[in-house]
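Numbering (our numbering), first residue to last: 79 to 160. Reviewing the structure listed below.
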């Protein structure tokens with residue numbers, strides 16, 4: 079069994095964490111199987127290698143296929159405060 083220690087003094091981004099785990103060898107099909115157990119609706123995973131500013135890694139994106147709720151039309155009300 080291998081152990082990974084994370085020093086998360088300022089938090090962690092879920093997509094970056096999963097990208098790092100995939101880069102370390104997490105099996106894509108296993109991840110997809112486990113996520114399918116969650117009842118979160120229709121979504122698509124995009125997993126690919128990416129390079130930005132000479133830093134390379136695995137990019138992990140979740141795309142929601144369900145229509146999004148439109149924002150409230152009365153956004154300037156400030157909750158009844160001026």
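All C-beta atoms in this analysis are idealised placements derived from N, C-alpha and C, irrespective of residue type, glycine included.
Alpha-carbon spacing of residue i relative to residue j, whole angstroms
i: residue 140; j: residue 88; result: 23 Å
i: residue 79; j: residue 109; result: 19 Å
i: residue 105; j: residue 91; result: 20 Å
i: residue 122; j: residue 138; result: 11 Å
i: residue 81; j: residue 112; result: 21 Å
i: residue 128; j: residue 145; result: 28 Å
i: residue 83; j: residue 130; result: 25 Å
Three-state secondary structure (DSSP) of residue i
i: residue 80; result: coil
i: residue 97; result: helix
Nearest-angstrom Cβ-Cβ length linking residue i and residue j, presumed shorter than 8 Å
i: residue 136; j: residue 125; result: 6 Å
Given residue i as reference, the closest of the options once Cα atoms are compared
i: residue 101; options: 143, 134, 144; result: 134
Original post:
Mind pulling the alpha helix (DSSP H) runs of 4 or more residues that sit fully within the region 106-149?
Top reply: Inside the region 106-149, DSSP marks whole alpha helix (DSSP H) runs of 4 or more residues at positions 106-114, from first to last along the chain.
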